[in-house]
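Data block below; observations after.
6 protein chains.
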Amino acid sequence: MSQVKEFNEYRVAMNDKILGANNKVIKRFFNLDTNAYQDGALPMKTKELLGLVASMVLRCDDCIRYHLGTCHELGITEEELYEVFAIANLVGGSICIPHTRRAVEYWEALEAEAPTA
Amino acid sequence: MSQVKEFNEYRVAMNDKILGANNKVIKRFFNLDTNAYQDGALPMKTKELLGLVASMVLRCDDCIRYHLGTCHELGITEEELYEVFAIANLVGGSICIPHTRRAVEYWEALEAEAPTA
Amino acid sequence: MSQVKEFNEYRVAMNDKILGANNKVIKRFFNLDTNAYQDGALPMKTKELLGLVASMVLRCDDCIRYHLGTCHELGITEEELYEVFAIANLVGGSICIPHTRRAVEYWEALEAEAPTA
Amino acid sequence: MSQVKEFNEYRVAMNDKILGANNKVIKRFFNLDTNAYQDGALPMKTKELLGLVASMVLRCDDCIRYHLGTCHELGITEEELYEVFAIANLVGGSICIPHTRRAVEYWEALEAEAPTA
Amino acid sequence: MSQVKEFNEYRVAMNDKILGANNKVIKRFFNLDTNAYQDGALPMKTKELLGLVASMVLRCDDCIRYHLGTCHELGITEEELYEVFAIANLVGGSICIPHTRRAVEYWEALEAEAPTA
Amino acid sequence: MSQVKEFNEYRVAMNDKILGANNKVIKRFFNLDTNAYQDGALPMKTKELLGLVASMVLRCDDCIRYHLGTCHELGITEEELYEVFAIANLVGGSICIPHTRRAVEYWEALEAEAPTA
Numbered sequence: 002m003s004q005v006k007e008f009n010e011y012r013v014a015m016n017d018k019i020l021g022a023n024n025k026v027i028k029r030f031f032n033l034d035t036n037a038y039q040d041g042a043l044p045m046k047t048k049e050l051l052g053l054v055a056s057m058v059l060r061c062d063d064c065i066r067y068h069l070g071t072c073h074e075l076g077i078t079e080e081e082l083y084e085v086f087a088i089a090n091l092v093g094g095s096i097c098i099p100h101t102r103r104a105v106e107y108w109e110a111l112e113a114e115a116p117t118a
Numbered sequence: 002m003s004q005v006k007e008f009n010e011y012r013v014a015m016n017d018k019i020l021g022a023n024n025k026v027i028k029r030f031f032n033l034d035t036n037a038y039q040d041g042a043l044p045m046k047t048k049e050l051l052g053l054v055a056s057m058v059l060r061c062d063d064c065i066r067y068h069l070g071t072c073h074e075l076g077i078t079e080e081e082l083y084e085v086f087a088i089a090n091l092v093g094g095s096i097c098i099p100h101t102r103r104a105v106e107y108w109e110a111l112e113a114e115a116p117t118a
Numbered sequence: 002m003s004q005v006k007e008f009n010e011y012r013v014a015m016n017d018k019i020l021g022a023n024n025k026v027i028k029r030f031f032n033l034d035t036n037a038y039q040d041g042a043l044p045m046k047t048k049e050l051l052g053l054v055a056s057m058v059l060r061c062d063d064c065i066r067y068h069l070g071t072c073h074e075l076g077i078t079e080e081e082l083y084e085v086f087a088i089a090n091l092v093g094g095s096i097c098i099p100h101t102r103r104a105v106e107y108w109e110a111l112e113a114e115a116p117t118a
Numbered sequence: 002m003s004q005v006k007e008f009n010e011y012r013v014a015m016n017d018k019i020l021g022a023n024n025k026v027i028k029r030f031f032n033l034d035t036n037a038y039q040d041g042a043l044p045m046k047t048k049e050l051l052g053l054v055a056s057m058v059l060r061c062d063d064c065i066r067y068h069l070g071t072c073h074e075l076g077i078t079e080e081e082l083y084e085v086f087a088i089a090n091l092v093g094g095s096i097c098i099p100h101t102r103r104a105v106e107y108w109e110a111l112e113a114e115a116p117t118a
Numbered sequence: 002m003s004q005v006k007e008f009n010e011y012r013v014a015m016n017d018k019i020l021g022a023n024n025k026v027i028k029r030f031f032n033l034d035t036n037a038y039q040d041g042a043l044p045m046k047t048k049e050l051l052g053l054v055a056s057m058v059l060r061c062d063d064c065i066r067y068h069l070g071t072c073h074e075l076g077i078t079e080e081e082l083y084e085v086f087a088i089a090n091l092v093g094g095s096i097c098i099p100h101t102r103r104a105v106e107y108w109e110a111l112e113a114e115a116p117t118a
Numbered sequence: 002m003s004q005v006k007e008f009n010e011y012r013v014a015m016n017d018k019i020l021g022a023n024n025k026v027i028k029r030f031f032n033l034d035t036n037a038y039q040d041g042a043l044p045m046k047t048k049e050l051l052g053l054v055a056s057m058v059l060r061c062d063d064c065i066r067y068h069l070g071t072c073h074e075l076g077i078t079e080e081e082l083y084e085v086f087a088i089a090n091l092v093g094g095s096i097c098i099p100h101t102r103r104a105v106e107y108w109e110a111l112e113a114e115a116p117t118a
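Residue numbers (my numbering), protein chains in the order written: chain A, 2 to 118; chain B, 2 to 118; chain C, 2 to 118; chain D, 2 to 118; chain E, 2 to 118; chain F, 2 to 118.
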């Protein structure tokens with residue numbers, strides 16, 4: 002199974018279990034999290050890039066993968082992507098390099114599934 | 002091998018090696034770490050929940066697994082567990098969500114081995 | 002002005018400004034944050050200790066002050082408090098010591114205002 | 002002296018001392034840091050927002066202040082600003098709230114000095 | 002009062018209070034912390050530099066001040082110091098720059114009190 | 002394939018891809034990162050230990066592996082290594098223990114490939 006499918010399937014399956022536990026605070030928090038990235042004063046694309054850079058400096062591979070997936074759907078170019086990586090590495094330091102490697106690997110998997118034009 | 006056994010065996014084997022190296026500071030630090038969770042003014046159960054929430058906001062999967070194991074032995078209910086997850090996610094942010102997923106998966110493995118009544 | 006009053010006044014004044022900006026995500030997030038510490042499967046007191054230990058290991062002095070204030074109102078004893086400090090310092094490391102110093106100073110200010118019996 | 006002037010003067014004075022020490026790695030690192038926010042595939046405005054959100058989730062008040070200053074010069078609106086705050090608080094958690102308070106205070110100081118039209 | 006004296010007096014006064022609370026885990030942890038920097042396979046000077054770089058990347062100003070004080074006593078040169086700053090900034094990112102500024106300010110205060118030959 | 006070879010091959014392959022993307026900021030940042038550990042006022046060995054302890058307290062397994070590799074080449078002894086681990090665990094807390102376990106495992110793999118005399 003591709004890295005992309007594996008990530009998405011696990012994510013959906015576990016989120017279902019978490020939401021199924023009926024903890025109101027967690028349910029509302031998960032809901033809020035998806036709301037934050039909708040079009041507003043800032044376009045969705047900018048917000049996804051904000052989510053991506055925040056995930057990189059906080060060094061969360063799964064959060065990076067999630068935002069890479071959405072960025073890919075929104076048609077972010079590789080050049081734009083690397084400018085986000087550059088800021089993440091400068092602000093967060095060389096400790097972000099291993100996460101950048103895995104991000105590049107995941108982006109290749111996204112491209113293999115659905116190449117951008 | 003179950004996720005629980007694999008985690009515990011690796012943990013014990015590597016701790017033995019670390020302690021075998023005879024670095025006094027590390028030996029005393031490891032010893033102190035187990036002491037901190039004993040019954041005191043606060044009961045052991047509360048202390049394990051404190052250890053769990055601290056591990057979640059600092060986003061250390063292995064530390065989360067360790068405290069989930071002890072919480073399970075102490076009879077923490079799923080409802081209590083999710084209230085800890087809720088606080089961890091609110092204080093630590095959505096960056097804790099992937100760790101919550103893996104925590105839920107590990108809790109299921111603990112339940113599969115020794116179901117709570 | 003006492004450290005406690007200064008902290009509370011600034012906190013309330015700025016929260017009012019933030020909520021006044023009418024960003025829905027932030028308003029709902031702030032609301033959710035207060036909900037997470039209500040009595041539930043776990044009592045409010047335990048939840049405040051969870052909030053305190055999470056704030057200490059993430060090293061946020063203002064968050065620590067907020068939870069110390071609530072802990073004080075709920076009648077947490079000094080002995081219980083130090084057991085939370087002990088776990089925070091062990092899990093989070095000596096990097097938490099300066100925050101522990103400021104926490105002790107703030108607790109003294111709380112005691113000076115409204116001594117526990 | 003205004004909060005803005007005080008921040009900028011200290012920042013410039015200390016940067017001069019740091020660069021005056023003639024450590025090549027630091028000099029090149031500081032230089033690189035200013036390069037990363039130039040117009041490129043992504044416009045400077047987006048990059049400043051990326052720098053701001055990264056600074057918020059990493060909880061560095063001075064870094065936040067620096068990017069708020071540049072965002073203000075670039076004409077970022079308050080509505081856009083709060084959408085960045087919303088994402089930072091969701092990704093980074095309630096631990097970012099005290100930094101959001103100080104960010105709002107600093108933004109007010111920037112507005113007092115040079116109100117946006 | 003000089004920045005150095007103020008820091009040291011507060012540090013000693015609050016440590017005394019913390020140790021006076023008689024929490025065994027905290028007392029042993031504080032004791033262990035001072036033990037870790039004694040001469041061993043690595044000389045004390047190297048260990049203090051390790052403590053300094055760790056404090057910088059974890060961005061704890063008071064911890065940085067403490068290690069700067071000891072480094073100053075041990076005769077660390079400014080050139081050596083800046084090489085530590087360089088590594089801290091590269092590994093930890095530009096988020097460490099404001100802490101570097103305050104570190105340089107504190108080092109100047111140390112020099113003003115007791116200039117190195 | 003040994004853990005060491007697997008790590009190094011992935012690292013080199015992904016770095017090549019990242020550098021191949023021709024983002025100037027990232028290229029210069031990667032270049033700077035290798036420069037920071039050259040002999041200077043502080044010897045290379047001390048700098049590698051600084052890189053190692055910074056990687057441990059920031060809890061980046063791949064960064065730890067990279068510095069362990071260089072430390073091994075430079076002939077760092079096990080006793081010296083554990084003194085670095087001790088400081089990392091004290092400063093960074095028990096949250097560093099799982100990373101210490103994996104560091105010890107990787108060091109064994111390095112020793113298996115090229116035992117120190």
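All C-beta atoms in this analysis are idealised placements derived from N, C-alpha and C, irrespective of residue type, glycine included.
Close to chain A, meaning a Cβ-Cβ distance shorter than 7 Å, are the following residues of the segment 90 to 110 of chain B: N90, L91, S95, I96, P99, T101, R102, V105, E106.
The criterion of a C-beta distance shorter than 8 Å is not satisfied by E49 of chain B and T78 of chain B. Per DSSP, the continuous alpha helix (DSSP H) segment holding N16 of chain D begins and ends at 4 to 21. R103 of chain C and R29 of chain D have their C-alpha atoms spaced approximately 37 Å apart. Within chain A, the residues R102, V105, E106 have their CB atoms less than 7 Å from the CB of M15 of chain F, given in chain order. Three or more Cβ pairs closer than 8 Å define a contact, and the segment 16 to 26 of chain A meets that threshold against the segment 79 to 93 of chain B.
Judged by DSSP in its simplified three-state form, C64 of chain E adopts helix. When CB distances to chain E are screened at a threshold of 7 Å, the residues of the segment 18 to 40 of chain B falling below it are V26, R29, F30, L33, N36, A37, in chain order. Put simply, the CB of E81 of chain E is far from chain D, with every gap to its CB atoms at 8 Å or more. Contact between the segment 40 to 48 of chain E and the segment 3 to 10 of chain E is absent: fewer than three C-beta pairs spanning the two stretches fall below 8 Å.
D34 of chain A and I65 of chain D have their C-alpha atoms spaced approximately 22 Å apart.
Distance from the Cα of M45 of chain B is smallest, within the candidate group C:V5, C:G93, C:E81, C:W108, for C:E81. At least one CB atom of chain C sits nearer than 8 Å to the CB of E84 of chain D. Straight-line spacing of the CA atoms in M57 of chain A and M2 of chain E works out to 42 Å. The criterion of a C-beta distance shorter than 8 Å is not satisfied by V105 of chain E and G94 of chain A.
Around the beta carbon of G76 of chain A, fewer than 16 other beta carbons sit within 10 angstroms, so the residue counts as exposed. For the segment 30 to 113 of chain D, there is no continuous beta strand (DSSP E) assignment of 3+ residues that stays within its boundaries. Residue-level contact check: A87 of chain E touches chain D, since one or more beta carbons of chain D fall below 8 Å from its beta carbon.
Each of A:D63, A:K18, A:T101 was checked against the Cα of Y107 of chain B, and the nearest Cα belongs to A:K18. Distance from the CA of M15 of chain A to the CA of H73 of chain E, rounded to the nearest whole angstrom, comes to 52 Å. At least one beta carbon of chain A lies nearer than 8 Å to the beta carbon of T47 of chain D. In terms of CA proximity to H100 of chain B, A:D63 leads the group A:D63, A:Y67, A:N90. Contacts between C61 of chain A and chain B, judged by CB atoms closer than 8 Å, involve R60, I96, P99 in chain order. Straight-line spacing of the CA atoms in C61 of chain D and A110 of chain D works out to 18 Å. Ranked by Cα distance from V26 of chain F, the first of D:E114, D:N36, D:V5, D:P116 is D:N36. Contact of S3 of chain B with chain F is not assigned, every C-beta pair being separated by 8 Å or more. An exposed status is given to N32 of chain C, since fewer than 16 other beta-carbon atoms sit within 10 Å of its beta-carbon.
Around G70 of chain F, no beta-carbon contact reaches into chain E at under 8 Å, the shortest distance being about 16 Å.
Note on geometry: alpha-carbon atoms of N90 of chain F and I98 of chain F lie some 7 Å from one another. What G52 of chain D touches in chain A, judged by beta-carbon distance under 7 Å, is I88, V92, going in chain order.
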